[in-house]
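What follows is a set of notes on a single structure, which appears directly below.
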Amino acid sequence: MQYSVHRFESVTSTNDLAARMAEEGAPEGTVVIADEQVHGRGRRGRQWVSPPGSGLYVSVVLRPHTPSSKFWQLAFVASLAVEEAIRRSARLNPMIKWPNDILVNGHKVSGILVEARKPRISFEPVAVIGIGINVNTPEFPPELAETATSMAIETGRPVSVHTVERELLNALHTRYEQYQKEGFRSILDAWRARDCTVGRDVVVQTPEGTVVGTAVEVNTYGDLVVRVRGGELKEITAGEVLLAD
Ligand code: BTN
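First residue of the sequence shown? That's 342 in the numbering used here, and the numbers climb one at a time after it.
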């Protein structure tokens, strides 16, 4: 994969722009980076607060030779790359919370949004990997203050957005190549080594309701397996995890 980077001062959402470019035939490796997003989007329809000068807002177009039903695997590829980029560009020890939140000292520093699009002139679906990293955000609005953090808050000094960007694109390149050559299993093994969910007591908000129990595994389908009271195992495909202990 060869990157072709497109930079913007201000966009609605880098994912929207990258998706439009992908629909019109932009090749794999097309990267959209913006200083600011006025409608940054998070998972589950949430907003991703994206003021200028404080974060890295990136979207990458990928065209893996897998059906879109497997695009969730790319979130594991990307979360590994983000974890590595943060670790290499600051003295921090990030961990991954299932499925793809990056935490530093238990607070969320980065989120990933993978979307599938159907190009106009091809039958092959295309994936847009959106990554937001709170690099120099000095503080967060009250509703996020308890759960969110930035690299600068955690290190106590400003961090170079440029360095984080370079490390991120390098790590994503390497991990995506590994995914293509060795398959998802090899990504999952590396992902499990950086996961902080398994072994913890969790409360998981799923589209079907709340699941409370102990996380025992992330299986090869990417599901979080939770042992609930009474011993029953529940496999969760999508949800928001709160680490309870
Ligand atoms: C999450 O909810 O945790 C995912 C957040 C993803 C945010 C990034 S910022 C770059 C890209 N553009 C968007 O609008 N969203 C993603």
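Cβ coordinates follow ideal geometry from the N, Cα and C atoms, glycine included.
For this session: Would you mind working out which of L565, E377, R385 and F412 sits nearest L584, comparing C-alpha positions?
Result: Selection L565, E377, R385 and F412 evaluated against L584 yields L565 as nearest (Cα-Cα).
For this session: Using a threshold of 8 Å, state whether the C-beta atoms of I437 and R535 are closer than that.
Result: Annotated as proximal: I437 and R535, with beta-carbon spacing under 8 Å.
Exercise. Quick one: does the C-beta of N356 sit closer than 7 Å to a heavy atom of ligand 1?
Worked result: Correct: N356 has its Cβ closer than 7 Å to ligand 1.
Exercise. Out of curiosity, what's the CA-to-CA distance linking V539 and R533?
Worked result: Straight through space, the alpha carbons of R533 and V539 are spaced by roughly 9 Å.
Problem set entry | Same chain, Cβ closer than 8 Å to H380, five either side skipped, listed in chain order | Hits under 8 Å: T353, S354, D357 and Q388.
For this session: Using a threshold of 8 Å, state whether the C-beta atoms of R461 and E365 are closer than that.
Result: Yes, the Cβ-Cβ distance between R461 and E365 is below 8 Å.
Exercise. Does the segment 389–403 touch the segment 368–375, meaning 3 or more C-beta pairs lie closer than 8 Å?
Worked result: With a cut-off of 8 Å, the segment 389–403 and the segment 368–375 count as touching, because enough Cβ pairs lie within range.
Exercise. Does the beta-carbon distance from V445 to V476 come in below 8 Å?
Worked result: Between V445 and V476, the CB-CB gap reaches or exceeds 8 Å.
For this session: Report yes if the CB atom of I474 is closer than 8 Å to the CB atom of V505, and no otherwise.
Result: Yes, the Cβ-Cβ distance between I474 and V505 is below 8 Å.
For this session: Enumerate in chain order the residues of its own chain whose CB-to-CB distance from R404 is below 6 Å, with the five nearest sequence positions on each side excluded.
Result: Leaving aside the five residues that flank R404 on each side, the residues in its chain whose CB is nearer than 6 Å to its CB run, in chain order, E369 and V467.
For this session: Enumerate, from N- to C-terminal direction, the unbroken beta strand (DSSP E) stretches of 3 or more residues contained entirely within the segment 343–394.
Result: List check, beta strand (DSSP E) in window: 345–352 and 371–378.
For this session: Answer yes or no: do I472 and I494 have a C-beta to C-beta separation smaller than 8 Å?
Result: In this structure, I494 does not lie closer than 8 Å to I472 by Cβ.
For this session: May I ask you to check if the CB of V399 is nearer than 7 Å to at least one heavy atom of ligand 1?
Result: For ligand 1, at least one heavy atom lies less than 7 Å from the Cβ of V399.
Exercise. Just how far apart, CA to CA, sit E573 and V567?
Worked result: Cα atoms of E573 and V567: separation of roughly 8 Å, rounded to the nearest angstrom.
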